[in-house]
Structure formats: C-alpha cells, structure tokens
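First comes the structure, then the notes that go with it.
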C-alpha cells in the first residue's frame, strides 16, 4: 500500500469511527504533536506542522509561552453529525518572541521533536519550471515512504509549474546516518549514493545518500519524472 493510500485509509477509518461515536455537541480538546513532523522557522517565531486529519475541522497549533518553556499542542474540534473525510496539509502558528534557548515541549511536557529551519539544506539548482509547493501543502507523493518522527526530519516539495498533477520533486532531510538502499551507484559531494528506480506500480524514483550526520533523499514523481542526471544535479547543489 502506498503512503498516500495508507493516509487515505487511515483518515477514512478515523472519520467513520469518529462519526459512529460522535457526541451530540461540538467536542474541543487538545492533544500532543508527537507523531507529526514539526519545523521551527529560521527566525524562531513560526512553528509549522505536517498533519493528516479525519472527521474534524482542520486542527490548530496552540502554544503557551513562559520564560523558559514553549509548550505546543494540537487543538481538535469535532463537530456533531456527519463529517467529511478530513485532509492533509501543513498548519502554522506564531510565537510572541523567538524560541531562542527556551525548551520546546509537547502537551505531555516531553521535548517536542522538531527540525530547525536554519539547518535545512536547500537546492541552489532546480530543473526548469520547478517551483516550491504552495504554503499549507504537505510535501508527499504516492509511494513515498513517510519520514520518521522520532528524530528531526523535514521534507521540502517542488512541482512542475502550477499543475498539482504534474511532476514533483521532494527533498527530505533526516538527522540520522542511515544506510542507502540498493540501486544504481552514484556519488554526491564525495559520499556514496544510490538511485532507486520506480517499481512496476510506478513508485517514485529516489536518490539517497548520507553525509555522516544527515540522510538525504531526493525523490522525483510524475509524469514527467526527472532524469538521474537531474536528481544528481539537485543533490550536488544542496547547501545550508
């Protein structure tokens, strides 16, 4: 099952379960952000979370700030009666002042796993007519493996033109020195890399390597898909 299909099935299952067990009145509650990708902006004042939801209004990020701590949680609003299947996307909230040295904690008072944007490597090269995903859209492709949420990780998305059905480019960065999968051997900045071809079901093609600190995955989905040479060019151009 592809990642997108799994999200759809999970979201649909949550929607049906919530509908069958719905309350006669709107239910509002807060829960943890654990299990979702969380990004802290370079200026330390914006938090962005990638999330899928079912049978409720789009969740909201809620922050409570003190001198030494910022606590972040997800506020869920479940209306009564029948509901739609939900959706996927990125939601944001803003702090009153930069996070700085303050601890970022989950609603459970445990540290909230997050990626710092100033550590994010960005491409100096993009293929012609590729542009960043619009704000609020989650970087994901059918068949693209989900990123881990127990270590800082983030994915940046780019697409061909403005048509969401056209080619996509996803650049993932994980704070983990992972192993590269089997595939065509390549080299990125002196590091061994592999290019994994799409399978018979048309899964994305990915370029994967590790620099000893981060594991990077550059993925192309289509049609059209980028060539191996274009993937390598993108990988070589990544820099913080």
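In this note's numbering, the protein residues as written are 23 to 262. For glycine and all other residues, C-beta sits at the position ideal for the given N, C-alpha and C.
Subject >> Bridge-paired residues (DSSP) for residue 144 >> reply: Taking the chain shown and counting its residues from 1, one reaches residue 144 at position 122. According to DSSP, which records beta bridges pairwise, residue 144 is partnered with 261.
Original post:
Using the beta-carbon count (16 or more within 10 Å), is residue 145 buried or exposed?
Top reply: Residue 145 sits at position 123 when you count from the first residue of the chain shown. Label assigned to residue 145: buried.
**OP:** Output the boundary residues of the beta strand (DSSP E) element that contains residue 98.
**Re:** Mapped onto the chain shown, residue 98 falls at position 76. Run containing residue 98: 91-100, per the beta strand (DSSP E) assignment.
**OP:** In angstroms with no decimal places, state the Cα-to-Cα distance between residue 216 and residue 138.
**Re:** Taking the first residue of the chain shown as position 1, residue 216 is located at position 194. Taking the first residue of the chain shown as position 1, residue 138 is located at position 116. So the alpha carbons of these two residues sit roughly 27 Å apart.
Original post:
Taking Cβ to Cβ, would you say residue 230 is nearer than 8 Å to residue 203?
Top reply: In the chain shown, counting from the first residue as 1, residue 230 sits at position 208. In the chain shown, counting from the first residue as 1, residue 203 sits at position 181. For residue 230 and residue 203, yes; Cβs fall inside 8 Å.
**OP:** Note down the Cα distance separating residue 107 from residue 187, rounded to an integer number of angstroms.
**Re:** Numbered from 1 along the chain shown, position 85 holds the residue referred to as residue 107. Numbered from 1 along the chain shown, position 165 holds the residue referred to as residue 187. Going by the C-alpha atoms only, they are around 21 Å apart.
**OP:** Would you check if there are 3 or more beta carbon pairs closer than 8 Å linking the segment 179-198 to the segment 67-85?
**Re:** no
Original post:
If you pair each beta-carbon of the segment 186-201 with each one of the segment 247-256, do three or more pairs fall below 8 Å?
Top reply: yes
Original post:
Can you list, in chain order, the stretches of the alpha helix (DSSP H) that have 4 or more residues and sit fully within the segment 181-261?
Top reply: 250-259
Original post:
Buried or exposed: where does residue 212 fall if 16 or more other Cβ atoms within 10 Å of its Cβ makes it buried?
Top reply: On the chain shown, position 190 is the one that residue 212 refers to. When all chains shown are included, residue 212 counts as exposed.
Original post:
Counting along the chain, where does the beta strand (DSSP E) carrying residue 115 start and finish?
Top reply: Your numbering for residue 115 matches position 93 in the chain shown. That run of the beta strand (DSSP E) goes 109-116.
**OP:** Reducing DSSP to helix, strand and coil, say where residue 78 ends up.
**Re:** The residue labelled residue 78 in the question sits at position 56 within the chain shown. Correct three-state label for residue 78: coil.
Subject >> Inter-residue Cα distance where the pair is residue 197 and residue 232 >> reply: What you label residue 197 is simply residue 175 of the chain shown in a count that begins at 1. What you label residue 232 is simply residue 210 of the chain shown in a count that begins at 1. Cα to Cα, the separation comes out at about 10 Å.
Original post:
Would you call residue 71 buried or exposed, if buried means 16 or more other Cβ atoms sit within 10 Å of its Cβ?
Top reply: Locating residue 71 in the chain shown gives position 49, where the first residue counts as 1. It is buried - the Cβ of residue 71 has at least 16 other Cβ atoms within 10 Å.
Original post:
Name the DSSP bridge partner or partners of residue 86?
Top reply: If you number the chain shown from 1, residue 86 lands on position 64. DSSP lists 93 as partners of residue 86.
**OP:** Could you tell me if residue 162 is buried or exposed, where buried requires 16 or more neighbouring beta carbons within 10 angstroms of its beta carbon?
**Re:** Counted from its first residue, the chain shown places residue 162 at position 140. That one is buried.
**OP:** Over the uninterrupted beta strand (DSSP E) stretch that includes residue 153, give me the two end residues.
**Re:** Here residue 153 corresponds to residue number 131 of the chain shown, with the count starting at 1. Taken as a continuous stretch (DSSP letters only), the beta strand (DSSP E) holding residue 153 covers 152-154.
Original post:
Is residue 60 near residue 134, with beta carbons less than 8 Å apart?
Top reply: Stepping through the chain shown from its first residue, residue 60 is reached at position 38. Stepping through the chain shown from its first residue, residue 134 is reached at position 112. In contact: residue 60 and residue 134 (Cβ atoms closer than 8 Å).
**OP:** Classify residue 227 as buried or exposed, calling it buried when 16 or more other Cβ atoms lie within 10 Å of its own Cβ.
**Re:** Position 205 of the chain shown, counted from the start, is the residue given in the question as residue 227. Buried: at least 16 other Cβ atoms inside 10 Å.
Original post:
Whole-angstrom Cβ separation of residue 259 and residue 147, contact assumed at under 8 Å?
Top reply: In the chain shown, counting from the first residue as 1, residue 259 sits at position 237. In the chain shown, counting from the first residue as 1, residue 147 sits at position 125. About 4 Å; that satisfies the 8 Å criterion.
**OP:** On a CA-only basis, which of 101, 85, 219, 99 is nearest residue 117? Give me that one, please.
**Re:** Position 95 of the chain shown, counted from the first residue, corresponds to residue 117. Nearest of 101, 85, 219, 99 to residue 117, Cα basis: 85.
Original post:
Within this structure, are the beta carbons of residue 99 and residue 50 separated by less than 8 Å?
Top reply: As a first step, residue 99 must be located in the chain shown, where it is residue number 77. As a first step, residue 50 must be located in the chain shown, where it is residue number 28. Yes, Cβ-Cβ distance for residue 99 and residue 50 is below 8 Å.
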